[in-house]
Amino acid sequence: MYQDLSTFNLPTGFRGRPAWFVQLWWLVQSSFFRLSPQPAYAWRRFILRLFGATIGEGTLIRSTVTVTYPWKLRVGKNVWIGDSAILYTLSPITIGDNTVVSQLCHLCAADHDFTISSFPIRGKSITIGHQVWLASDVFVAPGISVGDYTVVGARSSIFRSLPDRMICFGTPCTPVRPRQLSALTSS
2 MYQDLSTFNL
12 PTGFRGRPAW
22 FVQLWWLVQS
32 SFFRLSPQPA
42 YAWRRFILRL
52 FGATIGEGTL
62 IRSTVTVTYP
72 WKLRVGKNVW
82 IGDSAILYTL
92 SPITIGDNTV
102 VSQLCHLCAA
112 DHDFTISSFP
122 IRGKSITIGH
132 QVWLASDVFV
142 APGISVGDYT
152 VVGARSSIFR
162 SLPDRMICFG
172 TPCTPVRPRQ
182 LSALTSS
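For the numbering used here, add 1 to where a residue sits in the sequence shown, where the first one is 1.
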């Protein structure tokens with residue numbers, strides 16, 4: 002069946018905030034957040050918290066990061082989120098402590114059911130564990146979890162959840178070998 006977008010309806014309460022609040026966030030993000038100087042990490046943490054995000058101390062979020070709905074974002078301590086990363090928080094996204102989400106990564110927490118003509122949107126939470134490294138330009142599909150201490154190689158696309166302590170890469174992303182414990186204890 003093909004989609005008939007004229008019949009699409011956003012589910013009631015899907016955004017989690019009123020439309021005016023969403024628009025206010027997008028205005029603030031495109032100005033005060035986006036135009037802030039690169040080292041203004043505390044300022045960006047403050048703005049995200051003001052709009053309902055949980056952001057741990059020591060977290061570094063670049064000014065070019067895009068967050069759709071900050072009230073659906075939970076970020077641990079000492080996390081790095083790189084330039085032009087997209088956190089498409091149509092459903093909750095949780096990122097554990099000491100994790101790196103490198104530049105150009107895209108965490109997509111929703112999709113559409115293409116088997117129904119009204120093309121309904123489906124929010125599906127994403128969980129990224131502690132001490133994970135998502136290298137440059139990684140795509141994380143809706144509903145995915147990435148285990149603690151896992152490394153995902155550049156330009157990988159994750160369509161299935163990944164276990165703890167693995168080095169993974171590819172499209173589709175697959176575990177290749179264990180991440181050595183000695184590398185984990187030196188940090």
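For glycine and all other residues, C-beta sits at the position ideal for the given N, C-alpha and C.
All values derive from a computational prediction rather than experimental measurement.
Taking the alpha carbon of residue i as the point to measure from, which residue in the options has its own alpha carbon closest?
i       : options                               : result
Phe-111 : Leu-88, Ser-119, Val-101 and Thr-100  : Reading the sequence as shown, one finds Ala at residue 111 and not Phe. Minimum Cα distance to Ala-111 is reached at Leu-88.
Ser-146 : Gly-59, Leu-49, Ser-162 and Cys-106   : Ser-162
Thr-8   : Arg-156, Ile-122, Met-167 and Gly-148 : Ile-122
Ile-127 : Arg-75, Trp-26 and Thr-67             : Arg-75
Val-152 : Pro-173, Arg-178, Arg-16 and Leu-25   : Arg-178
Ser-85  : Ala-20, Phe-140 and Ile-168           : Phe-140
Can residue i and residue j be called in contact, C-beta distance under 8 angstroms?
i       : j       : result
Gly-77  : Ile-96  : yes
Gln-39  : Ser-64  : yes
Ile-129 : Thr-100 : yes
Cys-109 : Ala-136 : no
Tyr-70  : Leu-91  : yes
Asp-149 : Cys-106 : no
Phe-15  : Gly-124 : yes
Phe-52  : Trp-27  : no
Residue i to residue j, Cα distance in whole Å?
i       : j       : result
Phe-47  : Leu-61  : 12 angstroms
Asp-114 : Ser-183 : 44 angstroms
Thr-55  : Asp-5   : 37 angstroms
Val-102 : Gly-154 : 11 angstroms
Val-29  : Gln-181 : 42 angstroms
Trp-261 : Gly-57  : The structure shown does not extend to residue 261, since the chain is modelled only from 2 through 188, so no value can be given for it.
Phe-22  : Arg-45  : 18 angstroms
Ile-159 : Arg-35  : 28 angstroms
Tyr-42  : Ser-32  : 15 angstroms
Gly-59  : Ser-118 : 45 angstroms
Pro-93  : Lys-73  : 5 angstroms
Thr-13  : Asn-79  : 35 angstroms
Val-133 : Arg-166 : 9 angstroms
Thr-116 : Arg-156 : 29 angstroms
In this structure, what does DSSP give as the bridge partners for residue i?
i       : result
Ser-146 : Thr-128
Phe-140 : His-107 and Ser-158
Val-76  : Ile-56 and Ile-96
Ile-168 : Val-152 and Arg-178
Asp-112 : Arg-123
Ile-82  : Ile-62 and Val-102
Determine the DSSP secondary structure at residue i, reduced to helix, strand or coil.
i       : result
Ser-183 : helix
Arg-123 : strand
Phe-15  : coil
Tyr-70  : coil
Val-133 : coil
Ile-117 : coil
Thr-175 : strand
Leu-61  : strand
Tyr-42  : helix
Leu-163 : strand
Leu-91  : coil
Ser-32  : helix
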